[in-house]
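A.B. asks: This is the structure I want to talk about, given as structure tokens.
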Amino acid sequence: MNGAITEMLKRYDGVPDRKNALKEVIQEIVLCGLSRGGFFRKAAFYGGTALRIFYGLDRFSEDLDFSLMTPDPEFALAEYFPSLQNEAAAWGLNVDVGEKEKTSRSAIRSAFVKAGTKEHMLMFYGPDPLTDRIQTNEKIKIKFAIDTDPPGGAAFERKYRLLPAPYETALYDLPSLFAGKVHAVICRAWKSRIKGRDLYDYVFYISRGAALNTEHLKARLVQSGAWDADRAFGAEDAKKLLRARFGSIDYSAAKEDVRPFVRNAAALEVWSADFFMQITDNLR
0 MNGAITEMLK
10 RYDGVPDRKN
20 ALKEVIQEIV
30 LCGLSRGGFF
40 RKAAFYGGTA
50 LRIFYGLDRF
60 SEDLDFSLMT
70 PDPEFALAEY
80 FPSLQNEAAA
90 WGLNVDVGEK
100 EKTSRSAIRS
110 AFVKAGTKEH
120 MLMFYGPDPL
130 TDRIQTNEKI
140 KIKFAIDTDP
150 PGGAAFERKY
160 RLLPAPYETA
170 LYDLPSLFAG
180 KVHAVICRAW
190 KSRIKGRDLY
200 DYVFYISRGA
210 ALNTEHLKAR
220 LVQSGAWDAD
230 RAFGAEDAKK
240 LLRARFGSID
250 YSAAKEDVRP
260 FVRNAAALEV
270 WSADFFMQIT
280 DNLR
């Protein structure tokens, strides 16, 4: 196996979930390929995976989320597929990339990277009884999506990674990343599946003392129809919206959602409306 990939896998020593480890390594190869294709001249990385890779969020994350830095309804996501596939092939990976067909009017463009689970588990780890039980047609799927009509007010920074090879990304800065997560907590339509991962990430931001980009949060809320564009907005307004949300959550369901993605499930035991309302006092 390539030495860079071997080095990346060392991060997961002692982690029993090899499929998620494999998925996260492929995610970084996808980022490297997009970077080499010039993707980050127009787009910025955000969301839970960005937080994990660049700020040390300690949970597995599934998707890659991006946003254009300026709106462009004609943005062609498929233009970057060849560089992504070439990068994957250079590291010995066999992947398919395809854009998801839009079924409704939306500014979000989505695509999937698919790779044979068994093929790549054998490549990364070699034969073992667990790999033998994987069905030949099972696929690892990595969704990546980009917002072509992003709300304003975000700030960006340039970040670098050394593995699998040195590459550059554009990234929402931490206060803007936090604004995106607060918006998700307030506005995401959880319906029957409460996304406990949003709450886990919220705790991470608060524990790191992250500042909140209220200008960007307001722009997101206005775009979602949750705030009037003519009304002023500040941290105290964000706290009121968050506390209202925290009072209506089924925390048992939220814990079950996030449990498969975290290594220390004991950290979830304190979750309650009172816990989240109290830590929200630290938001600034």
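Read left to right, the sequence shown gives residues 0 to 283 (numbering that gives the first Met the number 0).
Glycine is no exception: its CB is placed at the ideal position from the N, C-alpha and C atoms.
Note down, in chain order, each residue of its chain lying with its Cβ closer than 6 Å to the Cβ of Val94, except the 5 sequence neighbours on either side.
C.D. replies: Ala87, Val112 and Ala114
A.B. asks: Can you tell me whether Lys213 is buried or exposed, with buried defined as 16 or more other CB within 10 angstroms of its CB?
C.D. replies: Note that residue 213 corresponds to Thr in the displayed sequence, not to Lys. With 16 or more other Cβ atoms within 10 Å, it is buried.
A.B. asks: Less than 7 Å separating the beta-carbons of Phe177 and Tyr199?
C.D. replies: no
A.B. asks: By DSSP's criteria, Phe143 is part of a beta bridge. Which residues make up the other side?
C.D. replies: Leu63 and Ala110
A.B. asks: Taking only the alpha-carbon atoms, compute the straight-line gap between Ala210 and Gly97 and give it to the nearest angstrom.
C.D. replies: 37 Å
A.B. asks: Taking the straight line between their C-alpha atoms, what separation do you get for Phe274 and Ser109?
C.D. replies: 35 Å
A.B. asks: Can you give me the C-alpha to C-alpha distance between Met68 and Asn263, rounded to a whole angstrom?
C.D. replies: 35 Å
A.B. asks: What whole-angstrom Cβ distance do Tyr171 and Phe155 have, given they're in contact under 8 Å?
C.D. replies: 6 Å
A.B. asks: For Ile193, I'd like the list of residues in its chain whose CB is within less than 7 Å of its CB, leaving aside the five on either flank, ordered along the chain.
C.D. replies: Ile248, Asp249, Ala252, Ala253 and Asp256
A.B. asks: Name the residue from Ser271, Glu235 and Phe260 whose alpha carbon lies nearest to the alpha carbon of Lys283.
C.D. replies: Looking at the sequence itself, residue 283 is Arg, so the reference to Lys does not match. Ranking the options by Cα distance to Arg283, first place goes to Glu235.
A.B. asks: One question on the structure: do Ser66 and Tyr45 come within less than 7 Å of each other, judged by their Cβ atoms?
C.D. replies: yes
A.B. asks: Look up Arg58 in the DSSP assignment and say whether it is helix, strand or coil.
C.D. replies: strand
A.B. asks: Hey, is the stretch 125-137 in contact with the stretch 1-10, meaning 3+ C-beta pairs nearer than 8 Å?
C.D. replies: no
A.B. asks: Given this structure, state the Cα-to-Cα distance separating Lys239 from Met276, to the nearest angstrom.
C.D. replies: 10 Å
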